[in-house]
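Enquirer: 18 is the number of the first residue of the sequence shown in this note's numbering; add one for each residue after it.
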Amino acid sequence: MPGKPEPVLGGPASVVETACPLDCPDSCSLAVTVKHGKVIDIDGSAKNPVTNSFICAKVRKFDQLAYGPDRLMYPAVRKGRKGEGKFKRVSWDHALELVVEKMRDAKARSGGAAILPYSYGGSNGLMTQDNFDAQVWRRFGTSRLARTVCAAPTGAANMALYGKMASVTYQDYVDAKLLVLWGVNPAVTSIHLVPYIKDAQARGAELVVVDPRATQQARAADIHLPIRPGTDVAVAMAIHRYLFVNGFADETFLREHTIGADRLRERAEPWTIERAAAVAGVDAAALEQVARLYAETSPALIRCGWGLERNRNGGNAAMAVLSLPAVGGKFGVRGGGYAMSNSASWKIERSWIGTNEPGTRVVNMNHLGRALLDYNDPPVDVLFVYNANPVATVPDQHRIVRGLERENLFTVVFEQVMNDTALYADVVLPATTFLEGYDFAKAYGPLHMTLARPVIDAVGEARSNADVFGELAARLGLLSDEEPTGELDLLVTMLDAMPGRIGEDLRADVPPTAPGGNRPVQFVDVFPNTPDQKVNLFPAEYEAEAPMGLYTFQPDPATEKYPLALISPSSERTINSTLGQLPRPDVTLVMHPDDASARGLADGDLVRIFNDLGEVHCYLQVLATIRPGTVSLPKGLWRRSTRNGVTGTALVPDTLTDLAGGACFNDARVQVASLATA
Ligand code: SF4
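1. With contact counted as at least three CB pairs below 8 Å, one residue from each stretch, are the stretch 316-323 and the stretch 280-300 in contact?
2. For residue 199, does the three-state DSSP call read helix, strand or coil?
3. Report yes if the CB atom of residue 433 is closer than 9 Å to the CB atom of residue 664, and no otherwise.
4. Taking the alpha carbon of residue 359 as the reference point, which residue from 388, 176 and 452 has its own alpha carbon closest?
5. Taking the alpha-carbon of residue 84 as reference, which of 224, 599, 517 and 180 has the nearest alpha-carbon?
6. Within 10 angstroms of the Cβ of residue 269, are there 16 or more other Cβ atoms? Answer buried if so, exposed if not.
7. Rounded to whole angstroms, what is the Cα-Cα separation between residue 367 and residue 242?
8. Cβ atoms of residue 331 and residue 170: under 9 Å apart, would you say?
9. So the beta strand (DSSP E) residue 690 belongs to, where does it begin and stop?
10. For the ligand SF4, I want to know if residue 290 counts as a neighbour, meaning its beta carbon is within less than 8 Å of at least one of the ligand's heavy atoms.
11. Would you say residue 67 and residue 49 are within 9 Å of each other, going by their C-beta atoms?
12. Per the contact definition of three or more C-beta pairs closer than 8 Å, is the stretch 288-308 in contact with the stretch 132-151?
13. If I measure Cβ to Cβ from residue 491 and keep anything under 8 Å in the same chain, skipping five residues before and after, which residues do I get?
14. Shorter than 8 Å, the distance from the beta carbon of residue 47 to the closest heavy atom of the ligand SF4, or not?
15. Would residue 267 and residue 338 be called neighbours here (beta carbons separated by less than 9 Å)?
16. How far does the alpha helix (DSSP H) with residue 348 in it extend, from its first residue to its last?
17. Expressed to the nearest angstrom, what Euclidean distance is found between the alpha-carbon atoms of residue 43 and residue 584?
18. Report the rounded CA-to-CA distance for residue 259 versus residue 265, giving the unit in angstroms.
19. Does the beta-carbon of residue 550 have 16 or more other beta-carbons within 10 angstroms, so that it is buried, or is it exposed?
20. Helix, strand or coil, according to DSSP, for residue 423 in the structure here?
21. Output the boundary residues of the alpha helix (DSSP H) element that contains residue 456.
22. Which term fits residue 425, buried or exposed, when burial requires 16 or more other beta carbons within 10 angstroms of its beta carbon?
23. Compute the distance between the beta-carbons of residue 462 and residue 186, then report whether it is under 9 Å.
24. Taking DSSP's pairing of strands, which residues face residue 634 in a bridge?
25. Between residue 144 and residue 483, which are expected to be in contact by the criterion C-beta below 8 Å, what is the C-beta distance as a whole number of angstroms?
26. Along the chain, which unbroken stretches of the beta strand (DSSP E) at least 3 residues long are found entirely within the stretch 345-402?
27. Could you give the distance in angstroms between the alpha-carbon of residue 642 and the alpha-carbon of residue 593?
28. Would a C-beta distance cut-off of 9 Å place residue 113 and residue 86 closer than the cut-off?
29. Say yes only if the C-beta of residue 139 is nearer than 8 Å to one or more non-hydrogen atoms of the ligand SF4, and no if none qualify.
30. Is residue 58 helix, strand or coil when you go by DSSP?
31. Please identify the residue among 78, 194, 411 and 231 whose C-alpha is closest to the C-alpha of residue 167.
32. Would you check if the stretch 443-451 and the stretch 465-481 touch, i.e. whether three or more CB-CB distances between them fall below 8 Å?
33. Start and end of the alpha helix (DSSP H) containing residue 31?
34. Between which two residues does the alpha helix (DSSP H) holding residue 614 run?
35. Could you check the C-alpha separation between residue 237 and residue 224 for me, to the nearest Å?
36. Ignore the nearest five residues each way along the sequence and tell me which others in residue 80's own chain have a CB closer than 6 Å to its CB.
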């Protein structure tokens, strides 16, 4: 079923410019060397000054995905057991007709909600999601997906507080005198930020890193707060209290630009430095030093990452961290304020979809296993997965697999490679990669956007999302004659619909300018996109939504049986689970020496990591760079990466964050034991 790599012939090579649209804030400009229609090298180009001609090791290897043995080359239908990976080649016509038939049957039997579309940011370009796919789902009246596996709590906090105001871009970090990297590891997830941080430090900026691990960045910091996972809200509230109590709150700014400051002040009151330090398991003097530095320094910039949201307190943590610049009066200067996802800063409204969302059932994507096994109103009869690999990336892996094994479930997986989820498909449809089609690569760290162009023809019979969903819409009778249906139609439609000059500039290969400028100073060039343009520090709807109210802390879920917090940070090998099929050294669980010796474990031991949801077998790496009581497995592992074909998401409960229904990856509590003595 998967394709075989073909040899590259000799002869002249050419270098083609494109851009990387994968789920990474940097969106690099790329120079791809092509010979006889085959990619032979992928590198960064100088076209985008932030890229500055270098890229990550991950995308340098992307040709191994494009031509690798796991690449899906043609449509196919299952011929073995679900999960066995045996498929029979069929034509596109046959595969699409089968999908149409199953969708129609399910709708006739139980209504459109019996079909569950399931997608996330696997490709992340503007053309590969929320376009013709959304049109099909909306018009057919399928269940709707709450896309919450990542960035839901931080996005909700950013929206409530600031209406997703554009935030500080990489180029302006150098103007900061204090940088706080909170729950983010740029050396792995946004490598082009690292030189700007170093530059700022060289100019005298102090660096604070909040992370349970002593990452390379943390070791280069002036202060590292190795907090317990899930305690970010306590730490941020203690800094709020320090600001309020010691006269550092910017009362003028609070009066003129915010609402709800008094309620936030009340909630901060119990969080003394000592109490927060005890909850977070850090040195109180170090926490007080961070609070004082933040109070006294300007420009001060907080880079809010996604590590802090992946627990029961994630929404309130994001609220507490992102509201600090408002209380501390850190806006209005270059290099001051906050940096968060800038994905909303281009103000692109997807008007071309042309159909409003129906009022059908909403399924939280973190509850996929429950949806497949337990939902009855109606049951999910057809699952259509694209741009996502939920078996590898979504909480409660075993429950998801049990759901996918249901014989009366019809699963379509539209993918580039035979991943852990595609193995359970009834029909696989091969998708193009970003090297094989057009897309818009929109950075969400710095502010730039590039038109990514095809550098090679589609591999095998792979087709683009726009082509496949356009065709599906036509076969389902959902399109009128004059509506666009394919990739090139969509490209032109989107270019025409971009606000201001953006479409025109992209056509002319000129770097476009975002509506607030490409290096906006917060509260000078851009302001909150809230209805009254004020920072809403105490949104009433969130007070009602959070189980214990806004800015509150829910205690650690650890038990005597499962005392260790398992975290799953991004690694230098995968982008989410993309590229997880490539060969890698044995996966290791990282554990502090104190925890290892308490269990009689040594570096290199084969261990089982377990809780009531499952167990993972892999080797142990004993390192003092992780705080005691916390262990770490890489994010995005494929099941082939461990000794027993089970990965960390099997140990993650499908509980939801306090706000916005996010995933609680870092609330997995586990025990670890030697496999030899098990
Ligand atoms: S994944 Fe990020 S760093 Fe790597 S090439 Fe793409 S945009 Fe650049």
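The beta carbon of each residue, even a glycine, is placed where N, CA and C say it ideally should be. In this text, all values refer to a predicted model and were calculated from it rather than measured experimentally.
Expert: Inspection of the coordinates gives the following:
1. The stretch 316-323 is not in contact with the stretch 280-300.
2. In the sequence shown, the residue the question calls residue 199 occupies position 182. DSSP, read as helix, strand or coil, puts residue 199 in strand.
3. The residue you call residue 433 lines up with position 416 of the sequence shown. The residue you call residue 664 lines up with position 647 of the sequence shown. No, they are not a contact pair.
4. Stepping through the sequence shown from its first residue, residue 359 is reached at position 342. Taking only the C-alpha atoms, the option nearest residue 359 is 176.
5. On the sequence shown, residue 84 is found 67 positions in, with the first residue counted as 1. Ranking 224, 599, 517 and 180 by Cα distance to residue 84 puts 599 first.
6. Here residue 269 is taken as the residue at index 252 of the sequence shown, counted from 1. With a 10 Å radius around the Cβ and a threshold of 16 neighbouring Cβ atoms, residue 269 comes out exposed.
7. In the sequence shown, residue 367 corresponds to position 350, counting from 1. In the sequence shown, residue 242 corresponds to position 225, counting from 1. Their backbone Cα atoms lie some 41 Å apart in a straight line.
8. Numbered from 1 along the sequence shown, position 153 holds the residue referred to as residue 170. Numbered from 1 along the sequence shown, position 314 holds the residue referred to as residue 331. Yes, the pair counts as a contact, with Cβ atoms nearer than the cut-off.
9. Translated into positions along the sequence shown, residue 690 becomes position 673. It spans 685-691 - the beta strand (DSSP E) in which residue 690 sits, taken as one unbroken run.
10. For the purposes of this step, residue 290 is taken as the residue at position 273 of the sequence shown. For residue 290, the shortest separation between its Cβ and any heavy atom of the ligand SF4 does not lie below 8 Å.
11. In the sequence shown, counting from the first residue as 1, residue 67 sits at position 50. In the sequence shown, counting from the first residue as 1, residue 49 sits at position 32. It is not a contact, given that the beta carbons lie outside the stated cut-off.
12. Under the 8 Å Cβ criterion, the stretch 132-151 does not count as touching the stretch 288-308, having fewer than three qualifying pairs.
13. The residue labelled residue 491 in the question sits at position 474 within the sequence shown. Cβ-Cβ distances below 8 Å link residue 491 to 502 in the same chain, with the five nearest sequence neighbours on each side left out; the list follows chain order.
14. Your numbering for residue 47 matches position 30 in the sequence shown. Within 8 Å of the C-beta of residue 47 there is at least one heavy atom belonging to the ligand SF4.
15. As a working mapping, residue 267 is identified with position 250 in the sequence shown. As a working mapping, residue 338 is identified with position 321 in the sequence shown. No, these two residues do not count as a Cβ contact at 9 Å.
16. Position 331 of the sequence shown holds residue 348. Counting along the chain, residue 348 falls outside any alpha helix (DSSP H), and DSSP gives it neither H nor E.
17. Within the sequence shown, numbered from 1, the residue matching residue 43 stands at position 26. Within the sequence shown, numbered from 1, the residue matching residue 584 stands at position 567. If you draw a straight line from the Cα of residue 43 to the Cα of residue 584, it is about 24 Å long.
18. As a first step, residue 259 must be located in the sequence shown, where it is residue number 242. As a first step, residue 265 must be located in the sequence shown, where it is residue number 248. When rounded, the distance between both Cα atoms is 8 Å.
19. Translated into positions along the sequence shown, residue 550 becomes position 533. Around the beta carbon of residue 550, fewer than 16 other beta carbons sit within 10 angstroms, so the residue counts as exposed.
20. In the sequence shown, residue 423 corresponds to position 406, counting from 1. Shown here, residue 423 sits in coil according to DSSP, grouped into three states, outside any helix or strand.
21. Position 439 of the sequence shown, counted from the first residue, corresponds to residue 456. In this chain, residue 456 is not harboured by any alpha helix (DSSP H); it is covered by the beta strand (DSSP E) spanning 456-459.
22. Counting from one through the sequence shown, the residue named residue 425 turns up at place 408. Exposed, since its Cβ has fewer than 16 Cβ neighbours within 10 Å.
23. As a working note, residue 462 is residue 445 in the sequence shown. As a working note, residue 186 is residue 169 in the sequence shown. The answer is yes: Cβ separation under 9 Å.
24. For the purposes of this step, residue 634 is taken as residue 617 along the sequence shown, with counting starting at 1. Residue pairing by DSSP places residue 634 opposite 625 in a beta bridge.
25. Reading the sequence shown from its first residue, position 127 is the one you call residue 144. Reading the sequence shown from its first residue, position 466 is the one you call residue 483. Correct: roughly 6 Å between the Cβ atoms.
26. Secondary structure in the stretch 345-402: the beta strand (DSSP E) runs of 3 residues or longer, each lying completely within the stretch, are 354-356 and 379-381 in chain order.
27. As a working mapping, residue 642 is identified with position 625 in the sequence shown. As a working mapping, residue 593 is identified with position 576 in the sequence shown. So the alpha carbons of these two residues sit roughly 23 Å apart.
28. For the purposes of this step, residue 113 is identified with residue 96 of the sequence shown, where counting begins at 1. For the purposes of this step, residue 86 is identified with residue 69 of the sequence shown, where counting begins at 1. Contact flag unset, no.
29. Reading the sequence shown from its first residue, position 122 is the one you call residue 139. Because no heavy atom of the ligand SF4 lies under 8 Å away, the Cβ of residue 139 does not count as near it: no.
30. Locating residue 58 in the sequence shown gives position 41, counting from the first residue. Residue 58 carries a strand assignment under DSSP once its states are collapsed to helix, strand and coil.
31. For the purposes of this step, residue 167 is identified with residue 150 of the sequence shown, where counting begins at 1. It is 411 whose Cα lies nearest to the Cα of residue 167.
32. Judged by Cβ distances under 8 Å, the stretch 465-481 makes contact with the stretch 443-451, as three or more pairs qualify.
33. Locating residue 31 in the sequence shown gives position 14, where the first residue counts as 1. Here residue 31 belongs to no alpha helix (DSSP H); instead the beta strand (DSSP E) covers 30-36.
34. By 1-based counting over the sequence shown, the position of residue 614 is 597. Boundaries of the alpha helix (DSSP H) around residue 614: 610-615.
35. The sequence position of residue 237 within the sequence shown is 220, counting from 1. The sequence position of residue 224 within the sequence shown is 207, counting from 1. Distance between the alpha carbons of residue 237 and residue 224: 8 Å.
36. Here residue 80 is taken as the residue at index 63 of the sequence shown, counted from 1. Contacts found: 56.
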